[in-house]
Amino acid sequence: MPRLPAPVVFALDHGTGERRLARWLPGVTVDGATRTVDRILLDTFDGRLHRRGLTVWMEEGRDATVLRLEEPGVADHTAPLAARRADRLLGADLPDGVLGDRLRALIEERALLPQVRIRVRGHSLRICNEDDKTVVRITLDEPSVKVARGVDIPLGRRVRVNAVLGYDREMAKAVAALSRRLGEPAPPLAGEALAAAGIAAEGVSSGVDVALVAQMRSDEAMAAICRRLADVVDDHRPGVLADLDPEFLHDLRVAVRRSRSVLKEMRSVLLAPAVARARVDLKWIQEVTGPTRDLDVLLHEWPSMVGPVPASMAADLRPLVELLERERAEAFTVMRRALTSRRFARAWAAWRELIAEPGFGGPDAARPVGELAGGRIIAVYRSMVKAGSAIGDGSPPEELHELRKRGKELRYLLELFGVMWPEKLVKPLVTALKGLQDVLGHFQDDEIQVRELRGLGPAVAAAPGGTDSLIALGFVIDELTRRQHAARADFSRRFTDFASPDNRRIVHGTFR
Amino acid sequence: MRVLATYNIKGGVGKTSAAVNFAALAAGQGYRTLLWDLDPQGSATYLFRVKPKVRGGVHKLIERRSDVAELLKGTDIEHLDLLPADFSYRHMDLVLGATKRPEARLGRLLEPLGRDYDLVILDCPPSISLLSESVFESADALIVPLIPATLSVRTFEQLLRFVEEQVVDPPEIVAFFSMVDRRKRLHREVVDGVGHRYPQVATAVIPAASDVERMGVERRPVVAYAPSGPAGRAYRALWDETVERLALGPGPGHRADPH
Chain Z
8 MPRLPAPVVF ALDHGTGERR LARWLPGVTV DGATRTVDRI LLDTFDGRLH RRGLTVWMEE
68 GRDATVLRLE EPGVADHTAP LAARRADRLL GADLPDGVLG DRLRALIEER ALLPQVRIRV
128 RGHSLRICNE DDKTVVRITL DEPSVKVARG VDIPLGRRVR VNAVLGYDRE MAKAVAALSR
188 RLGEPAPPLA GEALAAAGIA AEGVSSGVDV ALVAQMRSDE AMAAICRRLA DVVDDHRPGV
248 LADLDPEFLH DLRVAVRRSR SVLKEMRSVL LAPAVARARV DLKWIQEVTG PTRDLDVLLH
308 EWPSMVGPVP ASMAADLRPL VELLERERAE AFTVMRRALT SRRFARAWAA WRELIAEPGF
368 GGPDAARPVG ELAGGRIIAV YRSMVKAGSA IGDGSPPEEL HELRKRGKEL RYLLELFGVM
428 WPEKLVKPLV TALKGLQDVL GHFQDDEIQV RELRGLGPAV AAAPGGTDSL IALGFVIDEL
488 TRRQHAARAD FSRRFTDFAS PDNRRIVHGT FR
Chain L
5 MRVLATYNIK GGVGKTSAAV NFAALAAGQG YRTLLWDLDP QGSATYLFRV KPKVRGGVHK
65 LIERRSDVAE LLKGTDIEHL DLLPADFSYR HMDLVLGATK RPEARLGRLL EPLGRDYDLV
125 ILDCPPSISL LSESVFESAD ALIVPLIPAT LSVRTFEQLL RFVEEQVVDP PEIVAFFSMV
185 DRRKRLHREV VDGVGHRYPQ VATAVIPAAS DVERMGVERR PVVAYAPSGP AGRAYRALWD
245 ETVERLALGP GPGHRADPH
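Going down the list, the sequences are from chains Z and L.
Residue numbers for the first sequence follow my numbering, so the first one is 8 and each next one is one higher.
Residue numbers for the second sequence follow my numbering, so the first one is 5 and each next one is one higher.
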């Protein structure tokens, strides 16, 4: 792979311009060319790229748009970007090739969303050798950040030194000359732009990370966890309503489900009427967001589901995809109406009020949380081992679904309360549980998707070309059924891991 | 990565001009482009102001004892790099002859660059030799400049026959007329007649223009210093037609400034 040294950027004061730079850098000539580029900083809503020290810009030039990846110590990587929605980039929108592949692996199913928009006016200079060949490219950049319509804040001026392949020595000399005058390289422009616009680079987190100690009162611990989960819902709700990234909805639903799980497992901390009302309200939120999420998953997995469909029939599936997209749009409209309704506002305010202050008044309110949560972990684990051991080849699917539900409760208990026990004991159990839940999840997701697709049958048949679409749909359902059987076949191995004597010992020895 | 090679048995027909201008146009459209100057005369290398020197010479390069990536030079055009010529390339046939499967050798040398470049353009020396055969095997398409003369057309027919009969996986062929003077009746007759007879011949032609001759003085592709002149426009039209004929796609889209 051609090895190009990374560009080096120095901050410039107002007095330093092209003429001064020309004095510092022998052989430099001023091109006279000035180029203005609009750059939009992209990241996932949870700041995945920022956490890895990566900066991705979408550069809107005069003639085309380019994606640029900046990474400390590495040459910038660029790739042209084809037409796409202006407000987000999903994995499928990213270009083919190294850059696109790398970003797809990092963002997974999340979208790259605009964080901040800057404009960079760059004056070109170059250092040439005796043949008048460019051996180092230099730009003097004047960036500004757009904070509102018509409001631009100037950022610090910079000089950027770019290597030309095969002329490393000349690059090193230029960098050394500028280091002597300008000191250390400048911090990344992205950080300065975000700070000027008042935006947190870390993004929106769905992590809970509530500090718990085993002796804490259970009502205090429960209130702290539920408040943090409610914050996650509030932080993600605008993203859900804007419909920018399906993962906003996923994270919101996980937070609601976790809250419901805490309510169920720790119900003895509250008085019964309060529990009953909150459970109804949270269940309703979960229900009104369900259809949109199911269709998001279906559309996301569509490419892998249609893999076995013969190429000659692929076009027959197009009406089906359009139907799914219409269904999804309708489901979203219903969900948005629900999430902006008075019912939601009332339910959410009541839930917020309930968890605002501890003193829940239930029989276990004052009990140490370590004792209560530990007891629940043991009880749920035991019930899972019992239920799972009873599942055989002929057991109905409902038994696996029920086991999955219990598994989610155990996982949330471990994730939310597990901090009170040594990580080395909790982690192997979580790993075994995840392995089991993956299999159960695939089994149930495939079943939901088969049901969903079967339900579309009449509408598909009625559409023009419906018979061909139905035949192609048969292939998709066949593949889903095959996958579901594979997941079922894997269940026994995963369950044996989960219910192994080692894990039983950990559970009973640790959480008692 | 697609590999194009400008090729003709005859010299002085416009191979290097086509190679450097195609390379500049492709890079300007955002294709990450590599131009390999295979001609020991090093004209393309000279035009990009790069020293015609490859560390270790042709022996190390062909025997894969040099890392090709270490030999590349960036040009003054963004997205366009050059693997320079070296005078030792005059021994290319001998060195290739000493390797196993010489006809596959160029392709294998280019393989590791596949993820870094969208397009490789080989500027070939005029000859029919072991090197040409290796080019025919590794290139996806031959770009064949023709001058509007009867003998030139005869050599084109020879090339078509050779490629069809001797090459296992024959490259596509895009031929075009260069140095065309429409004021000359013979030029008009040959261009129109041959154009009708061979579907491989492009509609776009490169005129005999002083702009092209000035490349040696400017040491830049004509599309960089005179993009709106007759030659600049002709190369752009020819490139666009080539992209379409070879289904290279509309171009990744980024138009860097080729100046």
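Here a beta-carbon is modelled for each residue, glycine too, at the ideal position from N, C-alpha and C.
Since we're looking at a predicted model, the values are computed, not measured.
Counting only the Cα atoms, Z:P317 lies some 22 angstroms from Z:R458. Look at Z:C135 here: in three-state DSSP terms it is strand.
Here L:W40 is bridged, per DSSP, to L:L87 and L:L126. Taking the Cβ atoms as the reference, L:N12 lies roughly 12 angstroms from L:V139, outside the contact range of under 8 angstroms.
Inside the stretch 256-322 of chain Z, DSSP marks whole alpha helix (DSSP H) runs of 4 or more residues at positions 279-312, from first to last along the chain. By the rule that beta-carbons nearer than 8 angstroms mark a contact, L:L76 touches chain Z. The beta carbons of Z:R95 and Z:D303 sit no closer together than 8 angstroms. For a Cβ distance threshold of 9 angstroms, nothing in chain Z lies close to L:A230: the least Cβ distance comes to about 17 angstroms.
In the assembly as shown, L:P225 is a buried residue. Its beta-carbon has 16 or more other beta-carbons within 10 Å. For Z:E454, the enclosing alpha helix (DSSP H) covers residues E430 to A469. For Z:K393, the secondary structure class from DSSP, reduced to helix, strand or coil, is helix. The residues I125, A145 and I147, in chain order, have a CB closer than 6 angstroms to that of L:L8 in the same chain once the five nearest residues on each side in sequence are set aside.
Against L:V54, the close residues of chain Z are K140, in the order they occur along the chain (beta-carbon pairs closer than 7 angstroms). Straight-line spacing of the CA atoms in Z:G157 and Z:V142 works out to 39 angstroms. With the rule of 3 Cβ pairs closer than 8 angstroms, the stretch 406-421 of chain Z counts as touching the stretch 264-279 of chain Z. Judged by beta-carbon spacing, Z:P192 lies beyond the 8 angstroms limit of Z:V341, meaning their Cβ atoms are not closer than that value. Z:T62 is not a Cβ neighbour of Z:A230, given a cutoff of 8 angstroms. For the pair Z:R188 and Z:W309, the CB atoms are not nearer than the 8 angstroms cut-off.
Between L:F180 and L:I210, the C-beta gap is smaller than 8 angstroms, which places the two residues in contact. Per the coordinates, the alpha-carbon of Z:G369 lies some 4 angstroms from the alpha-carbon of Z:L277. CA-CA distance, Z:R167 to Z:A40, rounds to 15 angstroms. By the Cβ criterion, the stretch 215-229 of chain Z is not in contact with the stretch 328-348 of chain Z, since fewer than three pairs of Cβ atoms, one from each stretch, lie closer than 8 angstroms. Selection L:S142, L:T207 and L:Y50 evaluated against L:P106 yields L:S142 as nearest (Cα-Cα). DSSP assignment within the stretch 164-250 of chain Z yields the following whole beta strand (DSSP E) runs of 3 residues or more, N-terminal first: 165-170. Looking at the DSSP output, Z:M65 bridges to Z:I47 and Z:L74.
Taking 8 angstroms as the threshold, the shortest C-beta distance from L:R237 to chain Z does not fall below it. For L:V171, the three-state secondary structure derived from DSSP is coil. Interface with chain L (8 angstroms Cβ-Cβ cutoff): Z:L172 is included.
Here the stretch 159-176 of chain L does not lie against the stretch 20-31 of chain L, with fewer than 3 beta-carbon pairs under 8 angstroms apart.
Within the DSSP bridge table, the entry for Z:V158 names Z:A155 as partners. With contacts defined as CB atoms closer than 8 angstroms, L:L242 and L:A213 fail to qualify as a contacting pair.
By the neighbour-count definition (other C-beta atoms within 10 Å, threshold 16), Z:A207 is an exposed residue. For L:R218, no CB of chain Z lies under 8 angstroms from its own CB, so it is not counted at the interface with that chain. The contact set of Z:R10 on chain L, defined by CB atoms closer than 7 angstroms, consists of A73 in chain order.
Here L:P234 carries a helix assignment [DSSP, helix/strand/coil]. Of Z:G246, Z:A338, Z:F424 and Z:R489, the smallest CA-CA separation from Z:V376 is found for Z:F424.
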